[in-house]
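Have a look at the structure below, then the notes.
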Amino acid sequence: MATATWSAGSSTASAGRWTRARPHRCRTPDVDVLDAHLPVRLPVLALVTSAGGLAALTAVLAGLPADLPAAVLVVQHQDPERRQPDALAALLDGRTPLSVRVARDGDRLEPGVVLVAPPATHMIVTSTSAIGLIETGALPPARPSADLLLATLAVTCGPRSLAVVLTGKGHDAQAGIRAMHRCGATVLAQDEATAEHFGMPGSAIATGLVQAVHPLDGLAAAIVEHLDRTVQRAGGQGTTG
Numbered sequence: 036m037a038t039a040t041w042s043a044g045s046s047t048a049s050a051g052r053w054t055r056a057r058p059h060r061c062r063t064p065d066v067d068v069l070d071a072h073l074p075v076r077l078p079v080l081a082l083v084t085s086a087g088g089l090a091a092l093t094a095v096l097a098g099l100p101a102d103l104p105a106a107v108l109v110v111q112h113q114d115p116e117r118r119q120p121d122a123l124a125a126l127l128d129g130r131t132p133l134s135v136r137v138a139r140d141g142d143r144l145e146p147g148v149v150l151v152a153p154p155a156t157h158m159i160v161t162s163t164s165a166i167g168l169i170e171t172g173a174l175p176p177a178r179p180s181a182d183l184l185l186a187t188l189a190v191t192c193g194p195r196s197l198a199v200v201l202t203g204k205g206h207d208a209q210a211g212i213r214a215m216h217r218c219g220a221t222v223l224a225q226d227e228a229t230a231e232h233f234g235m236p237g238s239a240i241a242t243g244l245v246q247a248v249h250p251l252d253g254l255a256a257a258i259v260e261h262l263d264r265t266v267q268r269a270g271g272q273g274t275t276g
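According to our numbering, numbering within the sequence shown proceeds without interruption in unit steps and concludes at 276.
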């Protein structure tokens with residue numbers, strides 16, 4: 036089935052309308068500067084979502100190969116009082132060839148391993164190329180925070196990082212996307228037609244910093260293509276943490 040691709044570069048200046056663009060490859064940042072100072076030396080894929088996220092995450096992860104050359108980090112807004120903090124990871128683990136588990140403080144990033152942020156906890160990427168978990172406290176922002184994950188991923192992984200904004204309410208991820216852009220990373224988003232809730236992807240697209248917008252069934256292929264190019268341009272180096 037052919038998929039339509041939308042480009043932020045072809046949007047109109049008014050009313051946030053989007054014009055159809057020919058399918059294209061999203062920009063792959065130059066890899067020459069990747070290893071100069073960044074602690075994370077492997078590609079990292081961040082999937083961020085909220086309402087409707089289980090179906091979207093399942094569709095994307097099911098389409099990724101077991102030998103994916105990237106670590107995968109998942110943030111989905113969850114009830115902080117959830118009694119089974121590993122429930123989301125357990126559900127996803129049976130629906131993808133990748134290994135999925137709940138993130139633990141200090142976890143190392145590994146290719147082909149999916150780490151899911153637990154409820155009531157923000158997940159960040161630290162300067163030691165490890166996962167850090169922070170208690171969220173009693174009040175918003177959204178929990179876990181897409182903004183915090185993406186901002187810390189941007190400054191530790193830079194152009195090797197790829198963020199995908201999936202269905203969800205609100206505007207979490209907007210600030211994180213700006214950080215990703217500043218650090219040369221790439222951002223994709225789910226399109227309105229296939230998003231159960233278009234708040235998060237729509238807000239992401241509104242920044243003008245999303246490289247490409249895809250229907251849900253086209254995102255996995257776009258991710259694999261992007262990561263393959265990133266690894267090739269790095270000359271096969273930098274594929275471990």
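Heads up, the beta-carbon is just placed ideally off N, CA and C, and yes, glycines get one too. Nothing here was measured: the structure is a model prediction, and the numbers come from that model.
Chain-order list of residues whose beta-carbon lies under 8 Å from that of residue i (same chain, five-residue window excluded)
i      : result
THR6   : Residue 6 is absent from the structure shown; the chain starts at 36 and stops at 276.
ALA208 : VAL83, ALA181, ASP182, LEU185, ALA198, VAL200, MET235, SER238 and ALA239
Residues bridged to residue i [DSSP beta-bridge criterion]
i      : result
GLU170 : THR156
ARG143 : ALA165
VAL266 : VAL266 is not bridged to any residue.
ALA106 : VAL79
VAL222 : ALA198
THR84  : GLN111
ALA247 : LEU223
LEU150 : LEU108 and ARG136
Distance, residue j Cα to residue i Cα
i      : j      : result
ALA224 : GLY141 : 29 Å
GLN246 : VAL222 : 6 Å
ALA186 : ARG217 : 10 Å
ALA124 : ALA269 : 31 Å
GLN113 : ARG264 : 33 Å
GLY129 : VAL199 : 21 Å
PHE233 : PRO179 : 19 Å
THR93  : ARG195 : 23 Å
ARG143 : ALA97  : 23 Å
ASP252 : ARG136 : 24 Å
Inter-residue CB distance, residue i and residue j (contact presumed, cutoff 8 Å)
i      : j      : result
PRO153 : ALA138 : 7 Å
GLY205 : ALA173 : Not really, about 18 Å apart at Cβ, beyond 8 Å.
Residue j beta carbon less than 9 Å from that of residue i
i      : j      : result
PRO132 : VAL266 : no
MET215 : ALA189 : yes
ILE258 : LEU99  : yes
GLU231 : ALA122 : no
THR84  : THR202 : yes
LEU197 : LEU262 : yes
GLU170 : ALA106 : no
LEU244 : VAL95  : no
GLY167 : GLY193 : no
LEU89  : GLN111 : yes
Proximal residues to residue i (C-beta, below 6 Å), its chain only, five neighbours per side dropped
i      : result
LEU108 : ALA81 and LEU150
ALA256 : none
Residue i Cβ short of 8 Å to the ligand MN heavy atom set
i      : result
VAL135 : With respect to small molecules bound, the structure shown includes none, and the ligand MN cannot be examined in it.
Cβ shell of residue i (< 7 Å), same chain only, five flanking positions each side left out
i      : result
GLY147 : ALA101, ASP102, LEU103, LEU133 and SER134
LEU126 : LEU89
THR242 : GLN209, ILE212 and ARG213
ARG117 : PRO154
ALA91  : THR84, LEU201, THR202, GLN225 and LEU251
Residue-level contact to chain D via CB, residue i, 9 Å cutoff
i      : result
VAL245 : Absent from the structure is chain D; it holds one protein chain and no more.
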